[in-house]
Structures are given as structure tokens and as C-alpha cells.
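Protein chains in written order, with the working numbering: chain A, 409 to 576; chain B, 409 to 576.
Structure, as C-alpha cells:
2 protein chains.
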Amino acid sequence: MKTMNDNTADQTLCPVARAETVVGDRWTVLILRELFMRMHRFEEIQAQTGATPQMIAARLKKLEADGLVKRRVYNKRPLRHEYQLTKKGEAFYPVILALRAWGETWCKSPREGRAVNLTHLTCGKPAGLGPACESCGKPLHREDLVAERAPKYQREREARWEAFKANR
Amino acid sequence: MKTMNDNTADQTLCPVARAETVVGDRWTVLILRELFMRMHRFEEIQAQTGATPQMIAARLKKLEADGLVKRRVYNKRPLRHEYQLTKKGEAFYPVILALRAWGETWCKSPREGRAVNLTHLTCGKPAGLGPACESCGKPLHREDLVAERAPKYQREREARWEAFKANR
DNA sequence: GCTTGTGCCTATGAATTCCATAGTAACATG
DNA sequence: CATGTTACTATGGAATTCATAGGCACAAGC
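Below is the structure:
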């Protein structure tokens, strides 16, 4: 019995399949999450995702090649780069938001609270899980949102950073 | 230098990370896509995703274990199953929709048209890419949508099915 | 000027996963 | 009783992933 891998899958018209060739990977999505959280440095991303440096390096390289991420020099001598989202990368936000909504709703027990609470600047009230604002009903856009981490999640992230620094 | 893989990643409060442990895989997402397209049989999924039978079998098993998919007998003697989305699986639709929107917008040249056009039953007009209806502005829900495949995409899928049947 | 620290990776080898191909099981149909 | 249908399982090589270790280019402190 034969499979049908004459890579028709890569030439499909299906946008989901196209998207998945770019972001169909756990680490890639977690890296994008960090970039949306404004973590721009290699080590921060490494610490918060828990991936090995090669995984991060390879994914960042691919994300750059695919046009979602650009490198920016923040220090010459020694040469240091940081990673930023391009327009194409920023445009991925709705997917992250939808993934967050699904994860909060279906991958958690009720007693665990939200990791992040969003405030909708447009109306000044809590935005909820989207895609529309739970307070004013308008569709959510990243530029109108302020994220605040729950204390527990904040501590979790700080602990990861400390643990990372401690044993390197 | 050490990495930080005391699987804190699996115990995180982050909903995106939680979701990714379930759906952070190319094949898994493509299988879900097929289920949303109402393809319920193993071989249909296999033909349209281009994955090998083990990949499909393993992913379906995990999706069932994770509660996104349930198996239903559609024929005893010989015993045959089909795969259906549970509530948890159905709830994943916004992610697929967001992925579709991003893929259509950023992973295609303008000359290639949409693969699928959605009609918003609520207003009777084209729904666009979401998350809100481009015609009436209301948030899109799967139950209010009818999908029509573009002829080109329809042919692409038929061709894959024929090719699959031809050499099995 | 020599050691220690920082930031961003690369190297290596073992473990795991993936994938192409082939084959099986349990029947129905002619 | 031979062929077809549907849903898988088996096998072995290729590719990827992971844990651990190291390297390079500099800055800062002593």
C-alpha cells in the first residue's frame, strides 16, 4: 500500500495546511507566544519555553526565513541581536488568542485561574477570552489590549528565569 | 550548560502551552481540519492529509484520549468506526478559523483564490475571514456558517481521493 | 593582563520519532 | 472462492530531537 506523499500537501490551496508548514510545531508556537509577550532575547525565550538552544536557534532561523520574525542589533561589540515580530508575525496574534481561549477553557480545571488578564483599552474593561470583548462586544485587536499576568503565573515565570540563570 | 526540562512546561499555567501539548502537531491539526470538513472516515482523512496510516492512527488515538474526538460504530460486521468531534473538539473551531485567515492572508499569492468561501446564515451574506462577519460584523460561529469549496480546491481534493484509491 | 561573567549560540552522540513500503484482519460481494 | 473494502499494524532505515557540553566574543573587576 502506498501513501500519497508527492508533496501535494505543500502545494495545496488549503490555507490551514499552508499555515501549518510554517507554524505547525510546538516550539515555534511557544516562541511566538514569548515574542507576543515582548520577550525579545534568545535566553529569555529559551528559559521560558524550556527548549534547547538548538531548537530555539533553528526555529528562529526558520521564522526569520518565513518572514514572521526579524533580527535587530541591540548591541554591537559584542554583537547582540534581539528578535521582533514582523507584520506577518504580528498578524498571527488572533491564532494565539484563539489558542489561549481554547486552552483556558478546555485544558484547565476551574480552580486554576487565568494566566493572563487582558484589559480592552477601547472600553477600559476586561476583554475576556475573545474573539470579541466580553465587556463591549467589539472584536479584539492586539493594539487595544493590555496584558496583566496573574501573580501565580508571574511567579512561575520568574522562577523559571531564576532556575535558568542558576544552572548555566 | 543545562536546559530546564524538569517538565515545568507541562505544568505551566499558560493556556497556549497547555493547548500545544494537545494540538501542537501538524498532523493533528490537519486531522481536525478534515473533521471540521465533515470527513469522518479513516481513509478519507488519510487521503486528504497525505499522512501515513500510523500517523493518522496515533493522532486519532491521542485525540480520543484527550477528549477532542470520539469513535462511533457506523457498521458492525465488519466492525467499522468513524471519527467525530466532541464538544471539546468543536470548540477548537475558532483556532482553525484564525489559522485559515492567517494562511489565506499571508501564505498565498493574491492570484490564488480562497480555498473555501463561507456564507453567514445569520445575514445570508459572505462571512469573509473572521473572526467577525465581513458583511454584518457579528462574531462568527460554526453553526451559522455554510462552507463552499472553490472549484479549484474541490478538484484538488477529488484528485487526491482518486489518486489514493488508485494505488492502494 | 587575567579571571570571571554574560549572551548567543554550535557540537556531539544517544534516544526518539517519522516515514515509505508492505502486509493483515474481517468481512461483503459476485 | 477470488476479489474488493475499510481500517488499521509491522518493519526497518532516515531524520529529528534531546541532554549535555563547549565555544566565541567581548566587558568588567581585580
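Positions of the beta carbon are idealized from the N, C-alpha and C atoms, including for glycine.
Compare the C-beta of residue i with all C-beta atoms of chain A and state if any pair is closer than 8 Å.
| i | result |
| --- | --- |
| K410(B) | For K410(B), the pLDDT reaches just 41, beneath the cut-off of 50, and the residue's location in the model is therefore unreliable, although a value from the coordinates is still provided. Output row for K410(B): interface = yes. |
| L443(B) | no |
| N413(B) | At N413(B), the pLDDT of 40 sits below 50, so the modelled position is not reliable; the number obtained from the coordinates is stated separately. At least one chain A Cβ lies under 8 Å of N413(B). |
| R434(B) | yes |
| P486(B) | no |
| G511(B) | yes |
| C515(B) | yes |
| E564(B) | yes |
| P518(B) | no |
| V554(B) | no |
| L493(B) | no |
Is the separation between the beta-carbon of residue i and that of residue j shorter than 8 Å?
| i | j | result |
| --- | --- | --- |
| G538(B) | L505(B) | yes |
| A499(A) | T513(B) | yes |
| E490(A) | H448(A) | yes |
| L507(A) | V554(B) | no |
| A540(A) | P547(A) | yes |
Closest Cβ-Cβ distance between residue i and chain B: below 8 Å?
| i | result |
| --- | --- |
| A425(A) | yes |
| T530(A) | no |
| C544(A) | no |
| F500(A) | yes |
| K470(A) | no |
| R479(A) | no |
| V437(A) | yes |
| K496(A) | yes |
| C422(A) | yes |
| Y561(A) | yes |
| E428(A) | yes |
| A417(A) | Interpretation of A417(A) is limited by its pLDDT of 44, a score under 50 that renders its predicted location unreliable; the figure taken from the coordinates is listed afterwards. Yes, because at least one Cβ of chain B sits closer than 8 Å to the Cβ of A417(A). |
| I504(A) | yes |
| P547(A) | yes |
| R446(A) | no |
| P534(A) | no |
| A540(A) | yes |
| R550(A) | no |
In whole angstroms, what is the alpha-carbon distance linking residue i and residue j?
| i | j | result |
| --- | --- | --- |
| T457(B) | A523(B) | 15 Å |
| E564(A) | I453(A) | 14 Å |
| C515(A) | G432(B) | 13 Å |
| A465(B) | R480(A) | 43 Å |
| V518(B) | P502(A) | The residue asked about is misnamed: residue 518(B) is Pro in this sequence, not Val. P518(B) and P502(A): Cα-Cα distance of roughly 21 Å. |
| E520(A) | A509(A) | 14 Å |
| L471(A) | R434(A) | 13 Å |
| R446(A) | K495(A) | 15 Å |
| L468(A) | G511(B) | 19 Å |
| L493(A) | E442(A) | 10 Å |
| D396(B) | S543(B) | Outside the shown range of chain B (409 to 576) lies residue 396(B), about which nothing can therefore be said. |
| A455(B) | P486(B) | 22 Å |
| R550(A) | K484(B) | 51 Å |
| A459(A) | G497(A) | 20 Å |
| T420(B) | A574(A) | 20 Å |
| V477(B) | R568(B) | 24 Å |
| Q450(B) | E566(B) | One point to set straight first is that residue 450(B) is Phe, not Gln, in the sequence displayed. Spanning the two alpha carbons is a distance of roughly 16 Å. |
Terminal residues of the continuous alpha helix (DSSP H) containing residue i?
| i | result |
| --- | --- |
| K469(B) | P461 to A473 |
| T513(A) | Y501 to W514 |
| T436(B) | R434 to F444 |
| K496(B) | K495 to E498 |
| T429(A) | P423 to V431 |
| A455(A) | F450 to T457 |
How is the beta strand (DSSP E) around residue i delimited, first residue to last?
| i | result |
| --- | --- |
| R557(A) | L553 to R557 |
| R480(B) | V477 to N483 |
| T527(B) | V524 to H528 |
Next on the checklist: When you compare the segment 427-443 of chain A with the segment 434-450 of chain B, are there three or more beta-carbon pairs, one atom per stretch, that lie closer than 8 Å?
Outcome noted: yes
Item to check | the segment 553-562 of chain A in contact with the segment 519-535 of chain A per 3-pair CB rule at 8 Å | outcome: Under the three-pair Cβ rule at 8 Å, the segment 553-562 of chain A counts as touching the segment 519-535 of chain A.
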